Amino acid sequence: MATDHIRYDVLARDALRGVLRKVLTDAASHGLPGEHHFFITFVSKAEGVKISPRLLAQYPEEMTVILQHQFWDLTVLEDRFEVGLSFGGIPERLIVPFSAIKSFLDPSVKFGLQFDTSDVAEVAIETLPAAPAPTAIAVPEPAETAEEPTPRNQGGAEVVRLDRFRKK
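Just so you know, we're using our numbering here: the sequence shown kicks off at 9 and counts up by one.
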């Protein structure tokens with residue numbers, strides 16, 4: 009079999025992460041339209057992930073966050089997103105590189121993306137203290153649960169798996 013010098017798998021993965029970046033950028037600028045909401049699962053100890061020691065102890069391998077009604081200060085950069093969320097009534101600031109994301113799901117339209125993170129380097133993660141609540145917003149009650157959604161169990165959501173295209 010011929011060697012793939014172009015690396016279509018990497019190009020496809022980067023293009024799909026671009027979709028995720030665009031969706032989050034629009035949400036940061038205009039809010040979530042209609043019933044859209046996002047489940048984002050990421051590797052907790054991936055390089056560049058910054059979460060509090062409390063959350064890291066609770067989710068040592070991976071973590072799923074839900075962006076729906078109770079989030080604030082969503083910021084999207086070229087390589088990562090940052091967001092404020094409340095966990096058990098305690099406000100937190102999370103920093104998540106796009107390379108650490110395992111899956112993205114918008115159950116309102118049954119759309120999902122799944123990323124292969126087997127090449128993500130786990131490092132001694134830099135932890136952040138709990139962020140103070142924004143002064144203009146009351147701290148909302150947590151919407152997240154300890155159960156993590158699996159895209160293949162969300163009512164037949166479409167999931168794109170990049171590992172199907174990788175050479176074995």
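Built from N, CA and C at the ideal position, the CB exists for glycine as well. Owing to the predicted nature of the structure, the values given are computational and were not obtained by experimental measurement.
Counterpart residues of Gly97 in DSSP-defined beta bridges: DSSP lists no partner for Gly97.
Bounding residues of the beta strand (DSSP E) (the contiguous stretch that carries Gly120): Gly120 -> beta strand (DSSP E) spans 119 to 122.
Three or more C-beta pairs below 8 Å linking the segment 57 to 71 and the segment 97 to 116: Segments in contact, yes.
Secondary structure of Leu24, DSSP reduced to three states: Helix at Leu24.
CB of Val51 within 8 Å of CB of Leu75, strictly: Contact: no.
Close Cβ partners of Arg88 (< 7 Å) along its chain, the five nearest in sequence each way excluded: Apart from sequence neighbours up to five positions away, the residues of its chain that approach Arg88 with a beta-carbon distance below 7 Å are Gly56, Ile103, Val104, Pro105, Phe106, ordered along the chain.
Reduced DSSP category for Arg2 - H, G, I as helix; E, B as strand; rest coil: Residue 2 lies beyond the residue range present for the chain, which begins at 9 and ends at 176; the question has no answer from this structure.
Extent of the continuous beta strand (DSSP E) to which Thr49 belongs: It spans 46 to 51 - the beta strand (DSSP E) in which Thr49 sits, taken as one unbroken run.
CA-to-CA distance, Glu100 to Leu24, given in whole angstroms: Rounded to the nearest angstrom, the two C-alpha atoms are 27 Å apart.
Ile48 versus Pro41: straight-line alpha-carbon distance, rounded: If I take the Cα positions, the gap works out to 17 Å.
Distance CB(Phe46)-CB(Phe123) smaller than 8 Å: Not in contact: Phe46 and Phe123 (Cβ atoms no closer than 8 Å).
Thr178 versus Val18 - alpha carbon distance: The structure shown does not extend to residue 178, since the chain spans only 9 to 176, so no value can be given for it.
When Lys30, Glu70, Gly39 are compared against Ser126, the one with the closest alpha-carbon: Ranking the options by Cα distance to Ser126, first place goes to Glu70.
Minimum C-alpha distance to Ser116 - residue among Ala20, His44, Glu86, Gly39: For Ser116, the nearest C-alpha among the options comes from His44.
is_contact[Phe47, chain B] using C-beta, thresh 8 Å: Annotation note: the requested chain B is absent from the structure, which comprises a single protein chain.
DSSP state of Thr72 mapped onto helix, strand, coil: Thr72: strand per DSSP, three-state reduction.
Cross-strand partners of Gly92 (DSSP beta bridge): Beta-bridge annotation (DSSP): Gly92 is paired with Trp80, Arg101.
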